[in-house]
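Structure first, commentary second.
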Amino acid sequence: MRDRMEELEALHEEASEGSEEEWAPAPPSSSEEYSGDEKEVTHQEAVVFEEEDSAMKEVLEEAQAMRKEVALLRMEVERLRSQASRCKKTVRRLSFMSGSNAIGLGVKRRAEAMVRRLDAYDRLRQDLELRHGPHTALVRVARAQHLSVGHALAHALEDYNSAELELREECRSRLQRQAEILGRSVTEQQVEEMVQEGGWGAFSHDLHPEGMTARCAFRQVRERHRDLVELESRLRDVHDLFLTMALMVEQQGALLNNVEANVLATHDYMEKVNEHFKAAIKYRKKNPCAQMFCGCFPCWKQATG
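Count along the sequence shown from 1, then add 4; that gives the number in the working numbering.
Structure representation (structure tokens):
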């Protein structure tokens, strides 16, 4: 019989070389290598990536800038509250009240600017949602940042409202004390009507200040009335800001409910997974194969136990 081992080896080598040549990629020709279509497609993909990257950077930078503005707003609110508390303890109340009014006016303007800026950020989020879709990472990040900054601004406005209310109560109590010095008892209802009407002619028609102390008290009453009118005007503006923020938060309410439902569903699912893991460990320990091999393979028993 002939030994054909050498022929088989030669045939195997030829078959392997043929398969390598078949699967090897053909080198591109000069026309294909410098094709304008291929360069154009690559350029378009790079532009899309750079556009998303720049949009993400813009979204995060704007959110960080708004957080800084909210932090500054909180600092101004604390300044207003400390100014109001110092006004209760000093005899130079007129200068402190004028300073408090200036701080309160600045806080109101900053809060209004922040609400407009947050509204513009929401419009940017809606534009990104139309261009990239509602489920992309960029849109979800913008939505989360808008929601977070909105809640922070709402808490800052609540602090500002409480500080203005404290200042208003202090002005009312001081107005009543100064009126008592003039010999007139003023109730809370009368003060409220005087502030709502915006004038105090009916309140002061029967006041006849005599002496330096009475004239000083009379001047203080007029100053406190003007401060109260300004405070009421700022409080109305704060209430308008609260309504605007309430509408923004209400628009995001469905998103919050969806997030809460997903978190609760994940919690329930994790509890079920833990129960399944415990049952699997229990069944593995009761496996007859494991009980049979535990004496023969102690290392395997230690790994599975």
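C-beta: ideal position from N, C-alpha, C; glycine also. Note that this is a predicted model, so its numbers are computed, not measured.
DSSP places G108 within a helical segment (H, G or I) once states are collapsed to three.
In this structure, the beta-carbon distance from E162 to A88 does not fall below 8 Å. Going by beta carbons, L171 and S104 fall inside the 8 Å limit. Taking S58 as the centre and dropping the five residues before and after it, the same chain places no C-beta closer than 6 Å to its C-beta. In terms of Cβ geometry, V143 and H136 form a close pair [threshold 8 Å]. The DSSP-derived three-state label of G137 is coil.
K290 carries a coil assignment under DSSP once its states are collapsed to helix, strand and coil. Look at T191 here: in three-state DSSP terms it is coil, with no helix or strand label. Taken atom to atom, the span from the alpha-carbon of M70 to that of A124 is near 11 Å. Contact annotation: L122 and G154 have beta-carbon atoms nearer than 8 Å.
For the pair D272 and V111, the Cα-to-Cα distance works out to about 45 Å. Ranked by Cα distance from A115, the options T270, D131, V74 and A265 are led by V74. Just measuring C-alpha positions, the residue of V119, R147, R120 and M118 sitting nearest D131 is R147. The beta carbon of L76 lies closer than 8 Å to those of R114 in the same chain, with the five residues before and after it left out. D126 sits close to H150, with the two beta carbons spaced by under 8 Å. A residue is called buried when at least 16 other Cβ atoms come within 10 angstroms of its Cβ; I285 does not meet this threshold and is exposed.
Distance from the CA atom of A269 to the CA atom of S86, rounded to whole angstroms, is 46 Å. By the beta-carbon neighbour count (other beta carbons within 10 angstroms, threshold 16), V277 is exposed. Using a Cβ distance threshold of 8 Å, R238 and E168 count as a contacting pair.
If you draw a 10 Å sphere on the C-beta of R288, you find fewer than 16 other C-beta atoms in it, and that means exposed. Ranking E279, P138, Q193 and M274 by CA distance to the CA of R176 puts Q193 first.
Distance from the CA of S166 to the CA of M274, rounded to the nearest whole angstrom, comes to 43 Å.
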